[in-house]
Structures are given as C-alpha cells and as structure tokens.
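Here the structure is laid out as structure tokens; the discussion comes afterwards.
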Amino acid sequence: MGSDLWQRGCERLASELPDQQFNTWIRPLPDAEVVDQGDGTLVTVRVPNRFKLDWIRNQYAGRIESVLSEIAGKPVHLDVMLALRDGAPAGNPAAANAPAAANAAQLRPPAPAGAAAASNPAASVASGPAALPSRSRLNPALTFDTLVAGRANQMARTAALHVAGAPGAMYNPLFIYGGVGLGKTHLIHAVGNQLLKDKPDARILYLHAEQFITDVVRNYQRKTFDELKAKYHQLDLLLIDDVQFFAGKERTQEEFFNAFEALLAKQAHIIMTSDTYPKGLVDIDERLTSRFDAGLTVAIEPPELEMRVAILIRKAELEATQMPEDVAFFVAKNVRANVRELEGALRKILAYSRFSHKEINIGLAREALKDLLSIQNRQIGVENIQKTCADFYKIKVADMYSKKRPASIARPRQIAMYLAKEMTQKSLPEIGELFGGRDHTTVLHAVRKIAAERQKNTELNQQLHVLEQTLKG
Ligand SMILES: Nc1ncnc2c1ncn2[C@@H]1O[C@H](COP(=O)(O)OP(=O)(O)OP(=O)(O)O)[C@@H](O)[C@H]1O
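Take the sequence shown: its position 178, counting from 1, is numbered 178 in UniProt numbering, and each next residue is one higher.
Given below as structure tokens:
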C-alpha cells in the first residue's frame, strides 16, 4: 500500500477535520515513509521544526494513527520526526518543506484563501483579545500542570512560575538553556498558557527562532520593516525558542536587538531558550549575548531516575493509561537520554499494548522496546566506551587502565568514565575496577567534573555528543 496509505489517510483527514486545521497542520506535511512490519505498519513523517513536531504529536498523532489503522486494516504506529536539514537553506523551514508540500498539494484540494498564512506559525500575531489564544501560537497542552517537577528543572521552573505570575518584573529576560528534549519548550509554553489564563488580554507570542528569521527575510524582501516592528514591539510576553539559530544571521540579530530593546523598555517580558548558555553562543553579536545574560540565566539538566519514572507515569496518565511503577522504573533505567526519548518509548509501549490487547508489564515493555534495548546491550559496554574514547582522542586503549597522569591521557580517561556511568548500568566501583582497579571516588570525581564542565564548555559538550551518538550506533 506504501505511500498510497498516507495519501488515502490525508484524504480521509481532509474530509473529517475542519478545513483550517487540515490546511494548517496536515496538508503541508510531506509524503510519509511507510514500512510494513507484518502485523503492524510503521509510518514516519518528517516536519520542519520542533514546534510543528510537538503540536502534531500532541494534537493529531492519535487521530492520524487511528485513520491509517482503519485504512490499512491493521495497527499503524506513527512516528513524527524532525526533517533533516540537508539541502534546505538554514533558517527557512518553508523551503525545507517545499518540494514535499508541492507534492502533497497535487494530491489534495487547493487551500481556501488565508490558509497559507494560517499554516505559517510565524505569519501572524494577536492583534485583538478575541484572537489571542489561537494566535499566540501556544500549545495548550504544555502547561505547568503537565510539566513534572524535579531537581533537574527546579530552578528553571521556579523562575518561570515567577515570571508567569508577575511578568515584566524580575528575571527579565529569562534565559533557559539545556540539552535537547529536556523540556525548555514545554516550560516557556507553560508560562504563556498561565499568563493567558490569568490575563486573557495579554499579548503573547511563542515562536521558534527560525520563524523569526523567516519573518525578517519576508519583511526584508517586501521592505515592510515597520510591520515587523509593529508585530513584535507591541507584545507583553515574547517566548522565543532556540535562539542559537540566530547564529550568523546579522540582519535577524539586528531586528531581534531592536525588538528586545523595545520590549524591555516597556517592561514586556522576554523568555528565550537555547542549547547553551549566553556566552557559549557562537556567531551571535556580543551586544545581544550580554543582554541575554542580563536578567536570569538558568539551566535545565537531564532528569534523574526518579524524575524519569514520574514523567512516564504522568505521561501515561495523560493518555488515560496506568503505567505500573515497576514498568516505569524499567523504562527509566534504560532510556536515559532525554524526555523526548522517554516519550518515544512510552508511545511504543502503549501502541504495542493496544495492538496486542495485552496489559502493560515489564515483559511487554521489553518486547516493545526490544530494538532499542538490543542496540544498547549490543553496543554500549565499558570496553566499547574505552575503545571509542581512545580512538576519538587518539590515545592507546591500554592508557584507559594505566596509571599515567598526563592531561592528554587523564582527560580522555575521565570522559570515558563519565560515559561509562551515563550509558551503562555499572556502579561506580565496577567502573573503577574496569579502569585499572581505580577507587570509586576517582570515578565519582571524574563523573562530576565532566558533567559540570559539559554544561559550560560547548566544545566538550559537542565532543560528548559525538561520542554518545557513535556509541548508540
Ligand atoms: N519535566 C517534564 N514533564 C513532562 N514532560 C516533559 C518534561 N520535560 C520535557 N517534557 C516533554 O518532553 C518533550 C520534549 O520537551 P521540549 O520540546 O520542551 O524539549 P526542549 O528542551 O525544548 O528540546 P529541544 O531543544 O530539542 O527543542 C515534550 O513533549 C515535553 O512535553
């Protein structure tokens, strides 16, 4: 059935969903990849940015799955993923999606007037109270209520709650940084949703940095910078995601600087997110990065085990399913990278349970996650980590166990210890043993040191990222 399944699914959705919703969210999607897996089908669709990814996953994934399952006559699991950036000019999500959108357009009826603007989340901003909720681009599902609190997000969450309660006062701008999938976007939507609940007239806009870039480019081409100013400078709260995307975009940075100054001058609040702290941003003008740091800068860390368990249980509840604690613990032990991956694992388990009509237990979770677990079991052992780190830093594997102390050897060894703690189930004494019989306190010191440095040192963070990806295969 292949891509025919996707096309038929889209036709069905076009007839079932309100036009505006279909034209905004489903119609622009590229053709999906369809893989028949015997008793089920895996459908993968790629979207141009994180905002669309979260929105489609939260609002439409279940509906799309059930329509496709009905057409296919067997269970369909939908995976929504970010589009690869290759071949698309950076910062232009519309272009990244263009060929596929054109493709899709041939298959479906033309969009009614106005749909193009609606389909571009950057295209409009609230101009009157009645229009505010939908135009603020806030995802109503991302609230403080659905955000699990824990040590990893404690500071950021407290600051965000404060801003939601008294915008324009303290912590302006609020700069939230951390690795992928740790809840930065969720948190800033939560601020917007909370403020909107308390003050329905508030002018709020959420947007991804790429959408701001697109907006600047469009206004540049049309020479309508006054419109751009009018749109951003009037806000009460600007929530802007992933500002690292401004790197190298001088005109965008200039316009953002203007908006930033105008908003702060009138005590409107600005919240930004990024994958690194302000001084770690590259190719962004210092007059901006120093301003980013002028309010409050807080990190979101990867969630610890207990928090991962709590997130799984809460997310399952939101899907009206009860996840037994031992299963949540099993999953949380094995899926450690970030919350997005935890959600992916949960989705697989729920889909598997639904398809097989079996209750959720550890056996089912193991079965549902077998690809993921076998990859981990097959590839991530301490030996493999030692070899990969030795290769990466061009030292001998034997140096991982040796007593040598020059920095050129000690540092890769500490990095390997850190990865061994992060990526395997081994205890500190076991890791020490595997590194030439070292004491567990030596391992602990290495783990803490590298974890702390990782937060501040972009280059190290990048190296660790490469090593992790290599090890995960
Ligand atoms: N503490 C949490 N409680 C509940 N859900 C969470 C939590 N942290 C993250 N999530 C969920 O994990 C997913 C990824 O989070 P989010 O998109 O906010 O990450 P991010 O840090 O913005 O990532 P990126 O940098 O890749 O954009 C979202 O579906 C979000 O709802």
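Just so it is clear, CB atoms sit at the ideal spot from N, CA and C, and this is done for glycine as well. Computed from a prediction, not measured in an experiment: that's the story for all the values here.
- [ ] Check whether the segment 183–196 touches the segment 328–337, taking contact to mean three or more Cβ pairs, one atom from each stretch, closer than 8 Å.
- [x] no
TODO: Could you tell me if Asn97 is buried or exposed, where buried requires 16 or more neighbouring beta carbons within 10 angstroms of its beta carbon?
DONE: With a pLDDT of 32 at Asn97, under the threshold of 50, the modelled position of this residue cannot be trusted; read the value that follows with caution. Per the 10 Å Cβ criterion, buried.
TODO: For the alpha helix (DSSP H) containing Phe292, list its first residue and its last residue.
DONE: Glu286 to Phe292
Open item on the list: Three or more C-beta pairs under 8 Å: does that hold for the segment 433–445 against the segment 463–471?
Closed with: no
TODO: Buried or exposed for Cys10, please, with buried defined as at least 16 other CB atoms from any protein chain shown within 10 angstroms of its CB.
DONE: buried
- [ ] State the Cα-Cα distance for the pair Ala316 and Leu346, rounded to the nearest angstrom.
- [x] 7 Å
- [ ] For Gln267, collect the residues of the same chain with a Cβ closer than 6 Å to its Cβ; drop the 5 residues on either side in sequence, then sort them by chain order.
- [x] Gly168
Open item on the list: By the three-class DSSP mapping on this structure, what secondary structure does Asp275 have?
Closed with: coil
- [ ] Measure the beta-carbon distance from residue 475 to Leu281 and round it to whole angstroms, keeping in mind my assumption that it falls under 8 Å.
- [x] Nothing about residue 475 can be reported from this structure: the residues present for the chain run from 1 to 473 only.
Open item on the list: Tell me the rounded alpha-carbon separation between Ser163 and Pro412.
Closed with: Correcting the residue type first, residue 163 is Val in the shown sequence and not Ser. The straight-line gap from Cα to Cα measures roughly 41 Å.
TODO: Taking only heavy atoms of ligand 3 into account, decide whether any of them is closer than 6 Å to the Cβ of Thr185.
DONE: Absence of ligand 3 from the depicted structure is noted, with ligand 1 being the only ligands included.
TODO: Could you have a look at His269 and say whether DSSP puts it in helix, strand or coil?
DONE: strand
Task: 7 Å Cβ cutoff met for Leu238 and Ile270 - done: yes
TODO: Taking only the alpha-carbon atoms, compute the straight-line gap between Asp236 and Ala202 and give it to the nearest angstrom.
DONE: 6 Å
Open item on the list: As an exercise, report each continuous alpha helix (DSSP H) stretch of at least 4 residues that is fully enclosed by the UniProt region "Domain I, interacts with DnaA modulators" (1–96), in chain order.
Closed with: 2–16, 50–59 and 61–72
Open item on the list: Please report the straight-line C-alpha distance between Met170 and Leu264, rounded to a whole angstrom.
Closed with: 11 Å
Open item on the list: Is Arg135 a contact residue of ligand 1, with contact defined as CB to any heavy atom under 6 Å?
Closed with: no
Open item on the list: Please list the terminal residues of the continuous beta strand (DSSP E) segment that includes His357.
Closed with: It is not in any beta strand (DSSP E) - His357 carries neither H nor E in the DSSP assignment.
Task: Pick from Tyr220, Pro140, Ile349 and Gln386 that is closest to Tyr206, judged by C-alpha positions - done: Pro140
- [ ] Grab me the residues of Ser136's own chain with a C-beta within less than 7 Å of its C-beta, minus the 5 sequence neighbours each way, in chain order.
- [x] Ala126, Gly192, Leu196, Ile204, Leu205 and Tyr206
TODO: Check Thr321 in the structure and name its three-state DSSP category.
DONE: coil
- [ ] Check whether the Cβ atoms of Val397 and Ala390 sit closer than 7 Å, and answer yes or no.
- [x] yes
Open item on the list: Can you tell me whether Glu383 is buried or exposed? The criterion is at least 16 other CB atoms within 10 Å of its CB, across all chains shown.
Closed with: exposed
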